[in-house]
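Down below is the structure, laid out as structure tokens.
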Amino acid sequence: MSEDHIEEQVISEAHDETAEHFDGKYPIEIEGLTNSFGDQVIHENLSLKVKRGEILGVVGGSGTGKSVLMRSVIGLQIPDTGTIKVFGNDVTAAEPDEEIGIRSRWGILFQGGALFSTLTVGENVEVPIKQFYPELEPELRHEIARYKTVMSGLPAEAASKYPSELSGGMKKRAGLARALALDPELLFLDEPTAGLDPVGAAKFDELTRDLADTLGLTVFLITHDLDTLYAICDRVAVLADKQVIAVGTIPELLETKHPWIEEYFNGPRSRAASATHERAQAMDKQPESGA
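Under this note's numbering, the first residue of the sequence shown is numbered 128, with each subsequent residue one higher.
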């Protein structure tokens, strides 16, 4: 059986048994969300909608709760109040069976990769497959893991390596391979380019954009990297004052009158990222020589 047939016949059929593909406009809908730790309120009456098929960048200053927001959506943080709908289902009130079905339709790349150090890359990729589809034969799991490893930009032989044998960029890609293991509709990325050099970060951004376009993914991307925002994000959500204060394209945000937004998107780092993005676009538009 070819790798493509494995992808189409094994994981996709398993998805059909648990839940239908989401065809609504907003795979993620957050309304009136409040999160706090003791007396410290992180989010207060926060609302956000993520459009199907977009890469949404989430930015904000230190302490604004970017990762807390993501953890709330994926069920690792129980909010004080509010509703969080994923694929139209309220994850804060989902029954166990319903929750399993929802979780099987998303993938998560945690900051740093969060790989199991005692498992090889391939075994790491197999973890969610074993969790959600334990009936699959080992050889099928191995084939899927190898396929996802290559899909994430790693050589096939990397599947047999341990995390300690990988560079920082390779660990990120291995974590991405695991996030893609179940053919998710929704992909969560927490600071995916943190710690990478500019070249490595740009390549990871390009991979993310290509995968999103090819697989039709909706991507919820937490980042502080302005180059990433300019290069691949369709819209950007800005966290400040305990809420999402603005959501829009970067040109739209540049017109938004808020002190944090003005400082962030009009500062020297943003201007440099914008210039880099414009140069890249200009190069893409140049006709190929010798055609």
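Here a beta-carbon is modelled for each residue, glycine too, at the ideal position from N, C-alpha and C.
Note that the structure is predicted; figures quoted are calculated from it, not measured.
Annotation: the segment 312-355 contains the following complete segments of the alpha helix (DSSP H) (minimum length 4 residues), in chain order: 325-342. A residue is called buried when at least 16 other Cβ atoms come within 10 angstroms of its Cβ; Thr191 meets this threshold and is buried. Cβ neighbours of Lys193 within its own chain (closer than 7 angstroms, five residues either side excluded): Val185, Gly187, Ile349 and Leu366. Setting aside the 5 residues that flank it on each side, Lys257 has no residue in the same chain whose C-beta is closer than 6 angstroms to its C-beta. Take the alpha-carbon of Lys299 and the one of Asp352: they are about 15 angstroms apart.
Between the alpha carbons of Lys288 and Val346 lies a gap of roughly 28 angstroms. For the set Asp310, Ile155, Gly327 and Pro290, the Cα lying nearest the Cα of Ser244 is the one of Pro290.
Taken through DSSP and simplified to helix, strand or coil, Gly394 comes out as coil. Assignment of beta-bridge partners to Thr210 by DSSP yields Glu158. Per the coordinates, the alpha-carbon of Pro154 lies some 26 angstroms from the alpha-carbon of Asp354. By a beta-carbon distance limit of 8 angstroms, Val248 does not contact Ala306. Their separation comes to about 13 angstroms. Contact check for Leu236 and Pro325: beta-carbon distance about 20 angstroms, past the 8 angstroms limit, so the pair fails to qualify. DSSP places Arg232 outside both helix and strand once states are collapsed to three, so it counts as coil.
Around the beta carbon of Phe164, fewer than 16 other beta carbons lie within 10 angstroms, which makes this residue exposed.
Among the bridge pairs identified by DSSP, Asp217 is matched with Lys212. Residue nearest to Val200 within the set Glu156, Gly228 and Asp224 is Glu156 (criterion: CA-CA distance).
The secondary-structure analysis by DSSP pairs Leu183 across a beta bridge with Phe347 and Arg362.
Under a 10 Å Cβ-count criterion, Asp368 is classified as exposed, with fewer than 16 other Cβ atoms of the shown protein chains found around its own Cβ. For Gly240, the three-state secondary structure derived from DSSP is coil. DSSP, read as helix, strand or coil, puts Ser294 in coil.
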